[in-house]
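Top line first, the protein sequences correspond to chains A and B. For the first sequence, UniProt numbering assigns the number 1 to the initial residue and increments by one for each residue that follows. For the second sequence, UniProt numbering assigns the number 1 to the initial residue and increments by one for each residue that follows. All C-beta atoms, glycine included, are put in the ideal place defined by N, C-alpha and C. These figures come from a predicted structure and were not determined experimentally. Encoded as structure tokens, the structure appears first; notes follow it.
Protein chains: 2
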Amino acid sequence: MEKVKINEKLNLFSDHWNPRIVGELNGQLVKVAKLKGEFVWHSHEDEDELFFIIKGELIIEFRDRQVILKDNEFLIVPKGTEHRPVAKEEVAVMLFEPATTLNTGNQYGEMTREKLDKI
Amino acid sequence: MEKVKINEKLNLFSDHWNPRIVGELNGQLVKVAKLKGEFVWHSHEDEDELFFIIKGELIIEFRDRQVILKDNEFLIVPKGTEHRPVAKEEVAVMLFEPATTLNTGNQYGEMTREKLDKI
């Protein structure tokens, strides 16, 4: 049982769209990631997903609108909801989601990360 | 589906040791709370509990050691682990835990908050 310093974890990697696992509780994972550019449209059939912004600005696009998130703000994307994260500049995020969650949800492809590192 | 600004939520109340619910996903609740002083020793039989520090310093005491948490740091307290949060000065925290979690765990008493407000 060790504390996790988010900023220290973020210094351990620099690639984008490749979440790292930093904690696990009650079958849920805590992840951190750096995002920049446009992700793929996708949804998660069975998992709600929480995006919490550590530093920067993240746009979460939906088919009919978008939500802009800044430091210390979060959004819960309900399961089954198509969404696409977009970051004009690099943004650091913390994610909370079930351990079963695949980053690209129902859109398996080149952005998919099946095995995530634990850091 | 609305974004949550943690700092705005924290401005809505000033009492200590009285968590508010700010989000729900996958049977888990996201809560915010202001803490100051010493809480009661307790454990949660079935729930792991995550403390994330928004602003300030929180000591989490265990029977054999303590962990000091600062901004952007978190600790997961595993179920069954006796702990006592202590804050010398006011600290603002975000909690992530199952919807079944009672703040005082197995120590029902005057600090217990059974019905939490959703803000």
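Mind checking who residue i pairs with in its DSSP beta bridge?
i: residue 121 (chain A); result: As shown, chain A starts at 1 and ends at 119. That puts residue 121 (chain A) outside it, with no answer to give.
i: M94 (chain B); result: B:V32, B:F52
i: Q107 (chain B); result: Answer by DSSP bridge pairing: none, since Q107 (chain B) is not bridged.
i: L58 (chain A); result: A:L69
Expressed to the nearest angstrom, what Euclidean distance is found between the alpha-carbon atoms of residue i and residue j?
i: N26 (chain A); j: P19 (chain A); result: 19 Å
i: K31 (chain B); j: L58 (chain B); result: 16 Å
i: K5 (chain A); j: E90 (chain B); result: 20 Å
i: E73 (chain B); j: V86 (chain A); result: 26 Å
i: L69 (chain A); j: I53 (chain A); result: 7 Å
i: K115 (chain A); j: F62 (chain A); result: 27 Å
i: K79 (chain A); j: T101 (chain A); result: 10 Å
i: E24 (chain B); j: E47 (chain A); result: 12 Å
i: D71 (chain B); j: H16 (chain B); result: 18 Å
Just to make sure I have the definition right: I need the residues of chain A whose C-beta is within less than 7 Å of the C-beta of residue i. Which are they?
i: N7 (chain B); result: N72
i: V67 (chain B); result: K3
So residue i contacts chain B; which residues on that side make the cut at Cβ distance below 8 Å?
i: Q28 (chain A); result: N26, Q28, F96
i: P85 (chain A); result: Residues of chain B passing the Cβ test: none, with the nearest at roughly 13 Å.
Please state whether DSSP places residue i in a helix, a strand or coil.
i: I6 (chain A); result: helix
i: E47 (chain A); result: coil
i: H42 (chain A); result: strand
i: P85 (chain A); result: strand
i: L116 (chain B); result: coil
i: L102 (chain A); result: coil
i: K25 (chain B); result: Residue identity differs from the one stated: residue 25 (chain B) is Leu in this sequence, not Lys. Reduced to three states, the DSSP call for L25 (chain B) is strand.
i: H16 (chain B); result: strand
Does any C-beta atom of chain E lie closer than 8 Å to the C-beta of residue i?
i: K5 (chain A); result: Any reference to chain E falls outside this structure, whose protein chains are A and B.
Which residues in chain A sit within 8 Å of residue i, going by Cβ to Cβ distance?
i: G23 (chain B); result: L50, F74, I76
key: Residues in the segment 87-107 of chain A having any Cβ partner in chain B nearer than 7 Å   = F96, P98
message = Tell me which residues of the segment 37-62 of chain B have at least one Cβ-Cβ distance to chain A shorter than 7 Å, keeping chain order.
response = E47, D48, L50, I54
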